[in-house]
Amino acid sequence: MTHQPHTDNLGARLGMWLFLFTELLLFGGLFLLYAVYFKRYPHEFAVAGTQLNWVMGTANTVILLTSSLCAAMAVTAVQRGESRRAVGLIGGTILCAAGFMTIKYFEWSEKIGHGIYPGSAHLRGGVPGESVFFSLYFMTTGIHGLHVLIGCVLLAVIGFKITSGAVTAENYNLLENGALYWHLVDLIWIFIFPLYYLIL
Amino acid sequence: MTSNVQRSDATRGGFWSDSGKTGLTSWIFSTDHKRIGLLYLFSTFSFFLVAVVLGLLLRIELMAPGRTIMGPQTYNAIFTVHGVMMIFLFIIPGFPGAFGNLVMPIQIGARDVFFPRLNLLSWWLYIIGAAIILTSLFTGGGPPDTGWTFYVPFSARTGTNVSLAVFGVFVVGFSSILTGLNFVTTIHRLRCEGMTWGRLPLFVWSLYATAWVQILATPILAITLVLVMAERLLGTGLFEPAQGGDPLMYQHLFWIYSHPAVYIMILPAMGVISDIIPVFSRKPIFGYKMIAFSSLAIAAFGSLVWGHHMFTSGMSDTAILVFSFLTFVVAIPSAIKVFNWISTLYKGSISLDAPMLFALSFILLFSIGGLSGLILGAAATDVHVHDTHFVVGHFHYVIFGGSGFAFFASMHYWLPKFFGRRYAEKPAVIAWVLMFTGFNVMYFTMQVLGMEGMPRRYYDYLPEFANLNLVATIGSWILVTGLVIMLVNLFRGLLWGEPFEGNPWGGATLEWSTATPPPTENFAEDPVVTHGPYDFTQQD
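The listed protein sequences derive, respectively, from chains C and U.
Just so we're aligned, residue 1 is where the first sequence starts under our numbering, counting upward by one.
Just so we're aligned, residue 201 is where the second sequence starts under our numbering, counting upward by one.
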């Protein structure tokens, strides 16, 4: 029996969607902790939330949404056979991601500069709810940031594959799955942003 | 038969030699689901044997009151490592990894799984995770002493090497997720012509349900373990009351995974039993649809009962009532399966070969384990037996008497198919008698001890528990004697035994229709299925 690599696009995408479920549940654990502790410390969470810079948070939201748009357009470009444009759009996505991480870096260093980081003396001495809020904030945005980096590497690899002709208008599963992953990273941020930056 | 007996591995035929590749790399970098299945079988079973020795040491320590062969710290470390290895390195990856990989693609008439390279990656992640866990035993502060549950606050404070061990479990969890994802996609996309959902062998149905649990539950374990590491390394304090955290939240997160995880362990076992019983009763399975459906129901409801591990934790009474109720609900699909197996046996033409003996004892042992589970699931009685040897006995009835015996049944049922040689029947039966006897002597005694109030996880006990503990320890020796006989018999048989050809037991699922051992892509021609998996009228 000759071996033919199967090209079952639906199956490949099914596998990716299942993987995305696992990512949602991974963050789901953190959101569950958030829900329980928010119920317990509503006031402390609200006060701690005001210490986050909502301007930077909004900027990052806009940046990530733009990056997702670029990723989606890259898929369309490849479907139309415009691989140069697709590579450019993936470059745009990665650029946005770099912008996101830079802003995140300033936000984190500002907090750490004020002695606000998991296990810091400041948080240990403060009200209990504040420590929980910031520990969750750092864990959630930290793991999210890790996903942004992984997504960048993934998209960069796919960008090279488009250049080398391995991803084409006939065979673009990899790009489509990469874009799906990127949308997930974006989607999770859409939940993180209001939960941490916009508590009333 | 002399020429056959002298045949070496290379000339076994089928997937052993038809690719023309030999040597270690043809195995550890193979994407053939059968080779990966055997890799899983040998690696997971090795950890099983190590963990058996550890368990034996625990029983020897408990043989008499006071210090027998080890002190409390060693005892704590050994029961922790016994649990971590048995659960995370043997039974969770073992069933889907070994027999799921070996049999499932053939049973649905596929040439391989949907993502063969991902399959290989799963095994490598498993090996890497296992290596990390092994490293954690000999470095840093020594082997973890928290119990396999890694409960905070102790796990956040103990000086032993918890961080590394947890990281190893995290990596193994990744492997489990990828296997589940692979299997769901495979079962959806690669069923051969005529293999409708209503014709899937029940082992495949059970793996399908298991795979969903692996996909949906394991990420919660992953994040929980990351949080334990953060607790230890960064001092996040999310489970630390002094910083506003709550240790109960750890227990919730841990059991949100770890209760469904026991269904990862038991569901494939139920699938094997549903495949073996009709074959050795020469009767179609009774209630095919209900067995398939109950696998999904167990997977669904089993994900909502985690709180029954926490009845004495200080959780609210409302939560206790709800979790207790849901626990009883899960008993329904489990009972549906048991009744259907019994109905299949009724008026069947039963032949008591080794796989069938293991399968029949599964029904009994699983039923004892399941019913004792209801004692634990009822809030009032649970308070009495919580954290006693009753729990240990219950859990081993379900997971060892259930999944373990089903694993042995699978070894006797399917391994000859893949090795092309078979074990001797008589020693297999003797081994089964010894294991079944030793098992009950050991674990039933533990349940009685628990009823009398002997706590778990202590290396010492009051003098009134001495006699029964001695009985349990003697039971463990009988059990291990049977295990050794079984392994020697299997090992000799599969390597040098009588040739195993054709379909001696008359199975009607697809793996019995292809060559023995199966060729690399399983079938000479892609099969077309025209009848159900338990329709024996086609062959007799």
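From the three backbone atoms N, C-alpha and C, an ideal C-beta is built for every residue, glycine too.
- Listed in chain order, the beta strand (DSSP E) elements of length 3 or more contained wholly in the region 129-183 of chain C amount to none.
- Beta bridge pairing from DSSP links Glu698/U with Arg622/U.
- Under the 8 Å Cβ criterion, the region 256-266 of chain U counts as touching the region 663-683 of chain U, having at least three qualifying pairs.
- The C-beta of Thr385/U comes closer than 7 Å to at least one C-beta of chain C.
- Close to Gly437/U, with beta-carbon spacing below 9 Å, are these residues of chain C in chain order: Pro118, Gly119, Leu123, Arg124, Pro128, Ser131, Val132 and Ser135.
- In this structure, the beta-carbon distance from Pro717/U to Cys392/U does not fall below 7 Å.
- Your pair Trp397/U and Ile477/U does not check out as a contact, with CB atoms roughly 21 Å apart and the cut at 8 Å.
- Between the alpha carbons of Leu448/U and Phe290/U lies a distance of about 28 Å.
- In the DSSP secondary-structure assignment, Val728/U is bridged to Glu393/U.
- Taking CB atoms only, Phe19/C has a neighbour in chain U less than 7 Å away.
- Sixteen is the threshold: when 16 or more other Cβ atoms of the shown chains lie within 10 Å of the Cβ of Asp553/U, as they do, the residue is buried.
- Taking Pro533/U as the centre and dropping the five residues before and after it, the same chain places the C-beta of Ser494, Ala497 and Ile498 closer than 6 Å to its C-beta, in chain order.
- At a C-beta separation below 9 Å, Pro419/U has these neighbours in chain C: Phe21, Thr22, Glu23, Leu24, Leu25, Leu26, Phe27, Gly28 and Gly29.
- Neighbours of Val36/C across chain U, judged by C-beta separation under 8 Å: Asp446 and Met449.
- With its beta carbon at least 7 Å from every one in chain C, Ile308/U lies outside the interface.
- Around the C-beta of Ala559/U, 16 or more other C-beta atoms lie within 10 Å, and the residue is accordingly described as buried.
- Annotated three-state conformation of Pro655/U is strand, per DSSP.
- The distance from the Cβ of Phe562/U to that of Ile473/U is about 5 Å, consistent with a contact at the 8 Å cut-off.
- Using beta-carbon distances, Arg389/U counts as an interface residue toward chain C, with a partner under 7 Å.
- Runs of alpha helix (DSSP H) with 4 or more residues, each lying fully within the region 469-510 of chain U, are found at 488-502, listed in chain order.
- For Thr244/U, the enclosing alpha helix (DSSP H) stretches over residues His233 to Glu261.
- In chain order, Gly444 make up the part of chain U whose C-beta sits under 8 Å from the C-beta of Tyr41/C.
- Taking a C-beta cut-off of 9 Å against chain C, none of the residues of the region 341-366 of chain U qualify.
- Residues of the same chain with a CB within less than 6 Å of the CB of Trp705/U, apart from the 5 flanking positions on each side, are Val479 in chain order.
- Taking a Cβ-Cβ cut-off of 7 Å, the neighbours of Ala422/U in chain C comprise Leu26, given in sequence order.
- Using a CB distance below 7 Å, the part of the region 138-153 of chain C facing chain U consists of Met139, ordered along the chain.
- Thr588/U has Pro655/U as its beta-bridge partners, per DSSP.
- Look at Asp517/U here: in three-state DSSP terms it is helix.
- Contact annotation for Leu381/U against chain C: Gly15, Leu18 and Phe19 [CB-CB distance below 7 Å, chain order].
- Residue-level contact by beta carbon fails for Asp186/C and chain U, as no gap is shorter than 7 Å.
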